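Residue numbers for the sequence shown follow the working numbering, beginning at 10 and rising by one.
The next block holds one structure in the form of structure tokens; read it before the comments.
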Amino acid sequence: MRAFWLTLSIQVALCYCHYTYEPDPTWNIRSTNELKDKNFWYHDAQRTVFDKLAQQPNLYLAKNVIFFLGDGMSVPTVTAGRIYDGQLKGQIGERNRLEFEKFEYVGLSKTYCVNKQVADSACTASAYLSGIKANYLTIGVSADVQLNDCASAQQPEHRLSSIAAWAQRAHKSAGLVTTTRVTHASPAGVYAHTSNRDFESDKDVHDLGQNPSDCPDIAQQLLEGVGKNLKVVLGGGTKKFLPNTMTDIYGNVGDRLDGRNLIEEWQQSKHQGNARVVFNRTELLNTDLRHTDHLLGLFNASHMAYHLDDSIDTPTLAEMTEAAIEVLSSNPLGYFLFVEGGRIDHAHHETKAKKALDETVQFSNAVKRARRLTDPWDTLIVVSADHGHTMTINGYPDIDNSITGLSSELSDIDNLPYATLSYANGPDYQRFYTAAVNGSVERVDLRNLNIGDKDERYPHGVPMSEETHGGGDVAVYANGPWAHLFSGVYEQNTLPHLMAYASCIGPGIKACDLRPNPYNTYRP
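This is the structure:
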């Protein structure tokens with residue numbers, strides 16, 4: 010009986026503080042010797058059991074919703090990123106956890122498009138932002154619209170409404186943050202409708218054989234409809250907004266053929282209120298965010314630099330996330346914020362695994378910053394990916410072996426080392442294989458390459474101009490009001506419907522429709 014009451018008291022204590030509860034520091038260990046102690050594993054498992062027992066659904070309304078999207082962040086990317094992050098800290102990487110892995114509720118999302126088994130970032134953006142699956146390479150339009158069908162994309166019945174639009178209709182604020190161009194596929198899903206994701210500027214439309222007057226480009230749409238009402242837009246891509254007769258502050262010539270300076274037009278359109286345009290980290294950090302009504306930050310001519318690369322005065326994803334939250338928090342009715350770690354995907358396409366893992370850690374840091382700045386009782390944070398990649402963690406490397414290095418074992422066929430991380434396909438195929446005297450193909454000795462360097466490509470099988478996406482399910486992590494709804498396996502287009510339900514916005518069923526419900530309010 011005494012054991013029963015002890016167990017119950019622990020459960021009650023954990024229930025009381027489960028939103029601020031952090032695991033025992035022994036979660037992260039620094040010596041593999043600790044893993045050999047059977048008592049370690051027993052107590053570790055018991056702690057997890059108590060954590061599970063302490064979970065109580067939060068049924069208050071979500072005043073704010075922050076959706077974090079790790080572009081290309083497959084489950085193996087999360088695993089490898091976790092290990093990489095832990096090893097950087099001097100810990101046993103396998104025992105580490107990224108910030109969003111601390112969330113109580115996890116599910117799996119099915120990522121295919123209407124017409125493709127393996128998705129791209131355009132059709133998935135339609136799914137996870139508008140709640141409708143669509144065709145490969147299209148954004149914000151239904152599957153009735155085929156690639157490059159500009160006329161069909163213009164028809165109102167084919168245009169999809171994003172969760173940002175739902176938030177705005179509920180008089181909430183909305184914004185986006187990305188490390189890619191703000192006109193790239195994922196962020197474009199917040200505000201744009203297009204039959205081709207590559208229509209980022211009118212020059213792109215022209216170069217792809219279409220008439221810019223028939224196909225409104227994505228940058229132009231940022232000044233229209235949902236786009237013009239976004240309170241915060243932070244990322245890269247100045248060249249898509251400037252005419253080809255102008256250079257940006259970095260000295261890069263603009264793309265536009267129509268002579269329009271969309272950055273200037275954006276600022277002029279915000280004649281009411283305090284609007285700010287910033288181009289570097291210094292300007293962003295010196296902005297009085299609490300007294301800024303609209304914020305546009307474009308920090309590179311194209312995508313923002315990788316974190317591991319040298320860059321001048323560039324804000325981190327965490328810093329941009331904090332700035333966005335500061336601006337959006339001025340609305341007493343709440344906000345929807347989309348945050349993308351977009352360069353995880355780009356590094357994978359280049360088979361530069363170390364950069365992909367480092368970008369994943371930067372993404373995790375942004376989630377941590379958001380958790381620190383918000384209240385889990387009224388802010389729903391959802392973390393997911395749009396699609397996976399072909400990178401795998403393979404072989405049988407020893408525990409705590411460098412995740413970005415060579416395996417601790419050799420191949421049992423050619424007796425050569427292999428990398429722990431490798432891809433199914435990718436570029437620069439000849440770098441990893443050589444022709445033998447007898448005409449066969451042999452692997453090169455990876456000890457002669459720079460495996461583990463930030464710019465080194467990792468081995469792959471099928472030669473491609475760039476590595477492709479993977480078609481596996483991706484994880485969904487949720488914390489805050491109604492986060493328990495994100496458990497299970499479901500279609501990717503369910504995500505915005507769940508977020509909308511929790512925050513009482515959008516066209517579908519909502520938590521505030523429930524009667525009676527004592528939690529049908531924001532937590533006081």
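Heads up, the beta-carbon is just placed ideally off N, CA and C, and yes, glycines get one too.
A quick note: this is a predicted structure, and the numbers were derived from the prediction, not measured.
With 16 as the cutoff for other CB atoms within 10 Å, does residue i come out buried or exposed?
| i | result |
| --- | --- |
| asparagine 283 | exposed |
| valine 370 | buried |
| proline 516 | exposed |
| threonine 41 | exposed |
| valine 446 | exposed |
| threonine 429 | buried |
| leucine 523 | exposed |
| leucine 271 | buried |
| histidine 355 | buried |
| asparagine 539 | Any property of residue 539 remains undetermined from this structure, which presents the chain solely from 10 to 533. |
| proline 165 | exposed |
| glutamate 368 | buried |
| alanine 89 | buried |
| isoleucine 227 | buried |
| threonine 360 | buried |
| serine 278 | exposed |
| threonine 35 | In this predicted model, threonine 35 has a pLDDT of only 44, less than 50, meaning its place in the structure is not dependable enough to derive any value. |
| proline 225 | buried |
| threonine 399 | buried |
| isoleucine 422 | exposed |
| alanine 54 | exposed |
| tyrosine 467 | buried |
| isoleucine 514 | buried |
| serine 449 | exposed |
| cysteine 24 | Its pLDDT being 41, under 50, cysteine 24 is placed unreliably by the model, and the measurement read from it follows with that caveat. Looking at its Cβ environment, which holds fewer than 16 other Cβ atoms inside 10 Å, cysteine 24 is exposed. |
| leucine 298 | buried |
| glutamine 177 | buried |
| threonine 530 | exposed |
| alanine 520 | buried |
Report the partner residues of residue i according to the DSSP bridge assignment.
| i | result |
| --- | --- |
| leucine 405 | This sequence places tyrosine at residue 405; leucine is not what is there. According to DSSP, tyrosine 405 bridges with nothing at all. |
| phenylalanine 495 | Bridge partners of phenylalanine 495: none, in fact. |
| tryptophan 118 | With the sequence shown as reference, residue 118 is identified as serine, and tryptophan is not the correct amino acid for it. Bridge partners of serine 118: Val483, Tyr499. |
| asparagine 350 | Correcting the residue identity first, residue 350 is glycine in this sequence and not asparagine. Gly79. |
| alanine 63 | Note: alanine 63 sits in no beta bridge, so no partner. |
| leucine 305 | Val242, Val286 |
| histidine 469 | Tyr432 |
| leucine 389 | Val74 |
| isoleucine 148 | Thr203 |
| arginine 168 | Val150 |
| threonine 256 | Val262 |
| asparagine 488 | Ile390 |
| histidine 478 | His398 |
Looking at the unbroken alpha helix (DSSP H) that takes in residue i, where does it start and where does it end?
| i | result |
| --- | --- |
| alanine 332 | 326-337 |
| isoleucine 272 | 271-278 |
| alanine 509 | 503-512 |
| proline 85 | 84-97 |
| histidine 396 | Premise fails: histidine 396 is in no alpha helix (DSSP H) and is neither H nor E. |
| glutamate 110 | Taken as a continuous stretch (DSSP letters only), glutamate 110 belongs to no alpha helix (DSSP H), as it is neither H nor E. |
| serine 139 | 130-139 |
| phenylalanine 372 | 362-382 |
| cysteine 159 | 159-163 |
| leucine 234 | One point to set straight first is that residue 234 is glycine, not leucine, in the sequence displayed. Taken as a continuous stretch (DSSP letters only), the alpha helix (DSSP H) holding glycine 234 covers 234-237. |
Is there at least one Cβ from chain B nearer than 9 Å to residue i's Cβ?
| i | result |
| --- | --- |
| threonine 477 | Although the question refers to chain B, the structure presented lacks it and comprises just one protein chain. |
In terms of residues, what are the limits of the beta strand (DSSP E) holding residue i?
| i | result |
| --- | --- |
| isoleucine 75 | 73-79 |
| valine 199 | Note, valine 199: premise wrong, no beta strand (DSSP E); not H, not E. |
| alanine 284 | 284-287 |
| glutamate 418 | 415-419 |
| alanine 428 | 426-428 |
Cβ-heavy atom distance between residue i and the ligand PLP below 8 Å?
| i | result |
| --- | --- |
| isoleucine 422 | This structure simply doesn't include the ligand PLP, nor any ligand for that matter. |
Mind pulling the beta strand (DSSP E) runs of 3 or more residues that sit fully within the segment 432-464? Counting only runs of at least 3 residues, the segment 432-464 fully encloses the following beta strand (DSSP E) elements, listed from N- to C-terminal order: 442-444, 450-452.
With a floor of 3 residues, list each beta strand (DSSP E) that falls wholly inside the segment 172-229, ordered by position along the chain. Counting only runs of 3 or more, we get 182-190.
Counting pairs of beta carbons, one from the segment 469-476 and one from the segment 101-110, are three or more of them closer than 8 Å? As far as the Cβ criterion goes, the segment 469-476 does not touch the segment 101-110, which means the pair count is below three.
Are the segment 50-58 and the segment 453-460 touching, with three or more C-beta to C-beta distances below 8 Å? The segment 50-58 is not in contact with the segment 453-460.
Using 8 Å as the threshold, is the segment 427-441 in touch with the segment 383-394, meaning 3 or more CB pairs across them? Touching, no.
Assess contact between the segment 71-89 and the segment 350-365, defined as three or more Cβ pairs (one per stretch) separated by less than 8 Å. Is contact present? At 8 Å Cβ cutoff, the stretches touch.
I want to know whether the segment 252-261 touches the segment 222-236 - three or more CB-CB distances under 8 Å. Verdict: no, contact absent.
Does the segment 134-141 come into contact with the segment 499-508, if we say contact requires no fewer than three beta-carbon pairs (one atom in each stretch) closer than 8 Å? The answer is yes - the segment 499-508 touches the segment 134-141, with three or more Cβ pairs under 8 Å.
Taking three-plus beta-carbon pairs below 8 Å as touching, is the segment 47-56 in contact with the segment 317-324? Touching, no, given that fewer than three Cβ pairs across the two stretches are closer than 8 Å.
Contact between the segment 158-172 and the segment 283-302: three or more CB pairs below 8 Å? Result no; under three Cβ-Cβ pairs closer than 8 Å.
Cβ contact (3+ pairs, closer than 8 Å) linking the segment 255-271 and the segment 182-200: Taking a cut-off of 8 Å on C-beta distances, the segment 255-271 does not touch the segment 182-200, as fewer than three cross pairs fall below it.
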